[in-house]
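Residues in the sequence shown are numbered from 16 upward in steps of one, following the working numbering. C-beta atoms are modelled at their ideal positions from N, C-alpha and C, and glycine is treated no differently. Keep in mind it's a predicted model, so treat the numbers as computed, not measured.
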Amino acid sequence: MNRKSIAMLAATVLVSSAVYAQTVLKGKVVDQDGKPIPGVTITLRDGTGTQTGQNGEFTINYKQAGQLSVSAIGYNRKEVNLTNQTTLEVTLLSDERNLEEVVVTAMGITREKKSLGYATQEIKASELTDAGQHSLTGALAGKAAGVQVNQFGGAIGSSARISIRGNSSLQKDQQPLVVVDGIPITNDAQRSGDNTYTGVDYGSGLNDINPDDIESFNILKGGAAALYGMRAGAGVIMITTKSGKRAANGVQISYDGNFSIDRAVNLPKYQNLYGQGSRGDEYSYKTLGEGESYQDYVLKNAFSYVDGTGEFGVNDNIDESWGARMDIGLMIPQFNSPVVNDVRQATPWISHKNNVKQFFQTGFSQNHNISLLSKTDRSSTRASISFRDQRGTVPNTDQKKYTAQLNNEYKISDKFSYDIMSNFTRTESNNLVMQGYDSANPMNGLIWFGRQVDMQDLKNNWDQRDEQGNYTYYNWNSAYHMNPFYTMHESQNALKMNRIFGKTSLHYQPFDFLRFEGRVGLDYYNTHTFETTYFNYDNQNGKFNEMKNSNSEFNADFIANFNKQFGDLSLTGILGANYRDYQFETNTLGAKGLNVLGVYTISNKIGDAYTLMDHAKGRSNSVYAQANLGWRDQLYLDVTARNDWSSTLKKSFFYPSASLSWLPTTSFEGLKSDFLNFWKLRFNIVKVGNATRPYQNGNYYYAQTDSYNNLAQMYKSMTYAIEGLEPEAITSYEIGTELGLLKDRLHVDFTYYQKTNKKQLLQVSTSNVVGFSSIFLNAGEIKSKGVELQLRGDILKREDGLNWTTTVNFSRDKNKVVELYPQLDLKDYRIGWTWGISNMASVGKPWGNLVGPGFDRVEDGPMKGAIKIGNNGLVATPLDAQDIGNAVPDFLASMRNDFTIKDFRFGFMLDFRKGGDVWSQTMSHGYVTGIAEITAANGIRERAIVAGRDVMTNEKFAMSDGNGGWVENTIETSAQDWYENGGIAEMYVFDGSFLKLREAYISYNLPKHLYSKIKGIKRANISVTGTNLAMLWVHKSNTMRLDPEAGGVSSDSRGVGFEQATVPNSRSIGLKLGFTF
């Protein structure tokens, strides 16, 4: 080769080297505080990319010129022009709306909130724990727009009903799906009884989660829940538990303790003027006792106690308080009067104004939580154990809860990693309260409680026995009621429950933009309840009932996750499949009578044993996908699809969704100003479902619990299931906007949505001539629309001074039943009922109409709308079935205020509800028995009364004019006749509006110099907490000032709109201590 050829070859090589030469860039990405940021995406214009490691460092090859894009969730993207750099440090600033806008979405996928085209709301972990709430459901109340939490009374372990965006299903259970770390768990309420009049509430599944173990709590509404298909009809609650991945390397131990005292509050308003008996008021004395003293009249006609049976005494079997006036010097024989020579002596007839309050004891709760964090370069672990011990405000009630939780993540190699989460809960109660109209419910007896009764005397003598050692059943009334302290000791409802749920996942990431996950999860619990009654007037031979339940759900998912930048376009997505297997089993054994009282064995039974065995099994398979296409961090299109195959239904079902998110302030920089910092518009449309339980699509035989001539009885189901049943089909769309204003100190999130729920799953009555009494089918349609508003403002923001943040939630949901089953001209469908009042869905009306006996009103003429009065001065014969209220609130609102100044934090939350009518058993019986304050108000027992003038003065009343017309009522009657004999259901419905001081806290981080000499302590904190602090206002129709949130005996839709002798809520004042080592 000549020199010329060699020179040309060398030149070619040099030019080629120059063309193809690449530079190795080593860099690091840090935040504004200089801390490394792991997981940052580094992308070149040609699509080449990588991610930073745990130390924030990265390495990438690039050509001589180009642009580098640096992005991470929760931070503003940064573009860097590259020339010949070989090293680079990039500082990323927090996104304008900071890290809290990174949310956990369906399937546990973490995404930037700005890319979402649907509404979600995250509740910070601190908001759930700051005030020391006893339960997770209690901590959720008032914290999110569009979420209503109905706490069913203040008894220990009570369950709650959670509804998201109102009520649009006619099924009894329409609570949201709960997902923990990507694994669905059951939130079913555990209870016994008939869900109508009586039963025991054993609690909600959600409360098996320790709030101290929660890292984030996110509410998925509408389109946000689309990936869960036929399980997403009522929304989804996404819970992420705490892990050790954010901890610093090393080991850290924390202790958090909470000690509180609980007092029953919001007791009904009682009158304290008249005691037990009948016709003992001044008006009766004036009309019936002419010529004798009030003392003599009372002893002959109103009340005088001998033995409580009514056979020898005067009205001593009556359990109402229409007797003589108290505290005026009367002397009357009473149940606790001394007996001399077999004659019960007269004692002072005085009021015991706080006798019901004295039944309740001071409750106590203690909670201890110890957590351990461990972090290395390849693994992170968080483990915690907790113990909660509660003594209820109702005597002899208690609950203990033990929880253990483990989260572990381990990086096997650069491409493989795994994680595991497990949670174990053990719940024990020696006794929980019976609910509703039952002799074993002390609250039911207290509604009939004589106002002169000395509660302390009952407490001191509840276990009084005769010479043979048998109970004397010492009580103020021997005809209908038991001593409430005896009841709480000898009618017991014990619980033992074990629950474990968890998951394990294996991750494989072959490329920076592609990750695979295999995940399996299990939720399993078993419960053992033992309900015993020694003796009461409903069960004079005693009884017992033992029930064992088990429930399991297994889920397996395979998910492929894609995330890649293509120049100005970003594409993220998932493709997955789910296998689900679930089963339930229950076994019940009991006796309705016992040969020997107090021996609770089946060999001691009288008659047939009570037995019940039941089970259910189901399985489903699903495939799903989601893709999000983003353009220049300003426009995002999101689509999802899911197909479900279920063993409970014959067909498969497809659930799609689409959403769009646009950030005008990114598209048009000129829109940004000191006033407008961020603006987002969003829209989505989605279809989801609400499936049915197993065995609803077939006909089957079942065994009757009682025998006939010692032979088992088998019955065929009288409900015929239409072939081809489908899940409810719920289609919704929403539009919304999010704004960051005033230098990002005010955040606004507004949503408007519409929802249509078709193909409701109904059990419709039919004629028996077809061979069945009812048909189970798809029919019905409910349409809903509503608005949600979230506001968060930094009212004061000073680095070294007072900081004040306010959060406001507002929501309003309205719905209408469009149709039910026109083929049978079905116009009304009963959701729940009690005492002759129904919670109805009626065509053309909203869900939750209360229907029952109501006032007969004048239809036309000058007295139009007036309530008709009969010749006796009482309400005329009522109309049996008419609308007497609606259980759905007009709107919900809450305001939370948090203040910080140096090491002090203080906050409180107000919760407001407008509307939502309630029919009250306490009010109904309280009026009839004469214990309600209103039954003796304004001197109405001292004179004749006229409806409209003396009682119910806010209404007009009309009497017959004798010629077929109606005129203003002037007919007189007595207070006792009006309330005892004249009431109808509509009279006991009140407006459930309220304003509550839901919770408050004050917290102080102790300065380090106070504990610096104690080796190992890194943090010390002390807090004073309070929950259910005050019911500040209720509607005037709530005459007994009952808690409108107290529910019926059923904790699902069947209990909405009813109050049934519920245990009052408790005000808790507590002390929290926290240490980190």
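request  = Could you round the C-beta distance between N438 and Q420 to whole angstroms and report it? I think they count as a contact, below 8 Å.
outcome  = Indeed they touch by this definition, with Cβ atoms about 5 Å apart.
key: Same chain, Cβ closer than 8 Å to I268, five either side skipped, listed in chain order   = I385, S386, L387, L388, T1091, F1092
message = Classify N233: buried if its beta carbon has 16 or more other beta carbons within 10 angstroms, exposed otherwise.
response = buried
Spatial distance of V266 from Y425 (CA atoms) = 16 Å
query = Just reading off the beta strand (DSSP E) that F923 is part of, what are its end residues?
reply = 919-930
ask   = Quick one: what does DSSP say T734 is sitting in, helix, strand or coil?
value = strand
task = Would you mind stating whether N699 and E743 have Cβ atoms separated by less than 8 Å?
result = no
ask   = Between the Cα of W981 and the Cα atoms of T988, N818, K883, which residue gives the shortest distance?
value = K883
ask   = Can the beta-carbon of K929 be found closer than 8 Å to that of D898?
value = No; because the gap between Cβ atoms is not below 8 Å, this pair is not in contact.
key: N-terminal and C-terminal residue of the alpha helix (DSSP H) that K1098 is part of   = The question about residue 1098 has no answer here: the residues shown for the chain are numbered 16 through 1092.
task = Would you identify the three-state DSSP class for A951, choosing helix, strand or coil?
result = helix
task = From the DSSP output, in three-state form, read off I617 for me.
result = helix
message = With the cut-off set at 8 Å, would you say A1152 and L242 are in Cβ contact?
response = Residue 1152 lies beyond the stretch modelled for the chain, which goes from 16 to 1092, so this question has no answer here.
query = Helix, strand or coil: which one does DSSP assign to N113?
reply = Residue confidence for N113 is low, a pLDDT of 46 falling below 50, so the modelled location carries little weight and cannot support an answer.
ask   = Which residues bound the beta strand (DSSP E) around T680?
value = Element bounds for T680: not the beta strand (DSSP E) but the alpha helix (DSSP H), 679-682.
request  = Per DSSP, which residues does M458 bridge with? Please list them.
outcome  = In the DSSP output, where bridge partners are listed per residue, M458 has none listed.
task = Could you tell me the boundaries of the alpha helix (DSSP H) in which S939 lies?
result = Looking at the DSSP string, the run of the alpha helix (DSSP H) that includes S939 is 936-944.
task = Check the DSSP bridge columns for R634 and list the partner residues they point to.
result = D596
key: Where A419 falls: helix, strand or coil (DSSP)   = Looking at A419 - three-state DSSP - the assignment turns out to be strand.
inquiry  = Checking the sheet assignment: what are the DSSP bridge partners for G588?
reply    = F577, A642
key: G460 versus I946: straight-line alpha-carbon distance, rounded   = 12 Å
CA-to-CA distance, N1043 to R1013, given in whole angstroms = 5 Å
message = Using the three-state DSSP reduction, which class does N887 fall into: helix, strand or coil?
response = The DSSP-derived three-state label of N887 is coil.
inquiry  = Taking contact to mean 3 or more Cβ pairs, one atom from each stretch, closer than 8 Å, check whether the region 603-618 and the region 548-562 are in contact.
reply    = These segments touch.
Where A962 sits in the DSSP three-state scheme = strand
ask   = Is it right to say R18 is buried, meaning 16 or more other beta carbons lie within 10 angstroms of its own, or is it exposed?
value = Any reading at R18 must be qualified, since the residue scores a pLDDT of 49, below 50, and its modelled position is unreliable; the value itself is stated next. Exposed, by the Cβ-count rule.
query = E753 by DSSP, collapsed to three states: which one?
reply = strand
query = Does DSSP put H1024 in a helix, in a strand, or in coil?
reply = Here H1024 sits in helix by DSSP.
inquiry  = Quick check on L108: does DSSP put it in helix, strand or coil?
reply    = coil
ask   = Is the region 697-713 in contact with the region 654-673, if contact means three or more CB pairs nearer than 8 Å?
value = They touch, by the three-pair rule.
DSSP three-state assignment for R246, whether helix, strand or coil = Helix.
task = Thinking Q711 and L740 are a contact (beta carbons under 8 Å), I'd like their distance in whole angstroms, please.
result = 7 Å
message = For N1080, count the other beta carbons within 10 Å of its own beta carbon; 16 or more makes it buried, fewer makes it exposed. Which is it?
response = buried
task = Excluding the 5 residues preceding and the 5 following S173 in the sequence, name in chain order all residues of the same chain whose CB lies nearer than 6 Å to its CB.
result = F167, D216
request  = With distances taken Cα to Cα, identify the nearest neighbour of G1031 among I797, R1069, L761, Y270.
outcome  = Y270
ask   = Cα separation between G954 and G295?
value = 14 Å
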